[in-house]
Amino acid sequence: MPAQKVNAFEIAKALKGVQRIAIFGHVLPDSDCYGSVFGMKAALAKAGKEVFVYLDARIPYNLEFFKNFDNLENCPYFQNADIALVFDASALDRVENLEILKDYKDNGVPVFVIDHHISGGISDFADFIWQDSDKSSASEMAFDILKVAGFSIDKGAATFFLAGIEGDTGGFQHQNTTRESLEAAGYLISKGARYRLIADNLLNPQNGLNILRLYGLVLERLIYNKKYQTVTSYLTLEDAKKFGVEGDSYSGVANLLNVIDGAKAIIFISEREDGILKVSLRTRDKNVDVQKLASYVGGGGHVKASGFTLRGKIVIEDGQPKIV
Ligand code: 5GP
Ligand code: MN
Numbered sequence: 006m007p008a009q010k011v012n013a014f015e016i017a018k019a020l021k022g023v024q025r026i027a028i029f030g031h032v033l034p035d036s037d038c039y040g041s042v043f044g045m046k047a048a049l050a051k052a053g054k055e056v057f058v059y060l061d062a063r064i065p066y067n068l069e070f071f072k073n074f075d076n077l078e079n080c081p082y083f084q085n086a087d088i089a090l091v092f093d094a095s096a097l098d099r100v101e102n103l104e105i106l107k108d109y110k111d112n113g114v115p116v117f118v119i120d121h122h123i124s125g126g127i128s129d130f131a132d133f134i135w136q137d138s139d140k141s142s143a144s145e146m147a148f149d150i151l152k153v154a155g156f157s158i159d160k161g162a163a164t165f166f167l168a169g170i171e172g173d174t175g176g177f178q179h180q181n182t183t184r185e186s187l188e189a190a191g192y193l194i195s196k197g198a199r200y201r202l203i204a205d206n207l208l209n210p211q212n213g214l215n216i217l218r219l220y221g222l223v224l225e226r227l228i229y230n231k232k233y234q235t236v237t238s239y240l241t242l243e244d245a246k247k248f249g250v251e252g253d254s255y256s257g258v259a260n261l262l263n264v265i266d267g268a269k270a271i272i273f274i275s276e277r278e279d280g281i282l283k284v285s286l287r288t289r290d291k292n293v294d295v296q297k298l299a300s301y302v303g304g305g306g307h308v309k310a311s312g313f314t315l316r317g318k319i320v321i322e323d324g325q326p327k328i329v
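For the sequence shown, the working numbering assigns the number 6 to the initial residue and increments by one for each residue that follows.
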């Protein structure tokens, strides 16, 4: 049975009536995932609730500053919680620690999903869902919930939420930058959110020399497909090893490429461990919907930014990259 649709007020009401709260996010967590999960944790803990977070902290280097605001500890075990929240995941296979979430559900714990993607089927699993693809980020939605609940937002929570909003809007540049997201940012800054810290670390990391070298490789390898007007580039595991950079750290590359005049879509492929390829799709063309494209192959996301994974390896044959 599909989940019952709820709004920020109804989620706020549910949170007020419970004491023990489990919080989940998505695999390969980004700033919005950490932001919504740990921002919510900070505010709920301050309101006297007991919170268990199920997000493994393999923190990318440009998000290390989050450690100033939380130890980012993952709770590895099922706990007796009253309610489970899932942030920023539109499909069940996107949920990190899904087995534990299923344990909660099997034990009768209501599962609430709060997400800003186009639905990828998670509503068939959830009990309650607030899904709104007009929202900039899950962090903005978490902030909305706390605001209507009247819970206080301290400097740490404000910084988490602002980082999530900045990350998902690409520093207030993508088309999901709305009046509401800018107003939320202003309010969060008034609560002490560390805007400069976020800008310096998340958006313009200072220690990213090797990342720049990787960008150089990506730019050298651009392949333009005349027929489909797509631009493709890639990074292999070998590249990542050579420059000592982890896969999670170069997810911004696809955005970097999304400036090419006349390209209908950007396709950026990066090799991950265990023979997995992560594909990021971007477009600035008003007639192209990359979410639809990704959904045909089991992925999803947004109309202008989406992704999917597939099994495979990148090999170079006669100087040309091939997926095998
Ligand atoms: P990115 O390319 O930055 O990893 O992801 C772009 C957008 O697509 C994000 O909103 C992300 O949630 C979504 N996305 C990326 N990979 C997947 C995937 O494998 N499945 C689904 N459903 N969404 C994805
Ligand atoms: Mn997000």
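Note that beta-carbon positions come from the ideal geometry of N, C-alpha and C, so glycine has one too.
For residue 203, the enclosing alpha helix (DSSP H) has its first and last residue at 200-203.
In the DSSP assignment, residue 291 is bridged to no other residue. Under the three-state reduction of DSSP output, residue 33 falls in the coil class, being neither helix nor strand.
A contact is defined here as three or more CB-CB pairs under 8 angstroms, and the segment 320-327 fails this definition with respect to the segment 283-300. For residue 63, the closest alpha carbon among the candidates 35, 88, 86 and 47 is that of 35.
For residue 162, the CB contacts under 7 angstroms within the same chain, skipping 5 residues up- and downstream, are 44, 47 and 48 in chain order.
Per DSSP, reduced to three states, the secondary structure at residue 185 is helical. Segment contact: the segment 117-126 against the segment 135-155, three or more CB-CB distances shorter than 8 angstroms; contact assigned.
Any heavy atom of ligand 1 within less than 6 angstroms of a residue's beta carbon puts that residue on the list, which reads 95, 96, 99, 122, 125, 256, 259, 285, 304, 305, 306, 307, 310, 311, 312, 313 and 314. Assigned with DSSP and collapsed to three states, residue 235 falls in strand. For the options 291, 88, 287 and 316, the alpha carbon positioned closest to that of residue 306 is the one of 287. A distance below 8 angstroms separates the beta carbons of residue 9 and residue 133. If you draw a straight line from the Cα of residue 231 to the Cα of residue 257, it is about 25 angstroms long. Judged by DSSP in its simplified three-state form, residue 107 adopts helix. Proximity of the beta carbon of residue 157 to ligand 2 is not indicated: no heavy atom of the ligand is located closer than 7 angstroms.
Judged by pairs of C-beta atoms under 8 angstroms, the segment 265-275 touches the segment 229-243, as three or more such pairs exist.
Spanning the alpha carbons of residue 139 and residue 185 requires a straight line of approximately 10 angstroms.
The DSSP-derived three-state label of residue 263 is coil. When beta bridges are read from the DSSP output, residue 165 appears opposite no residue.
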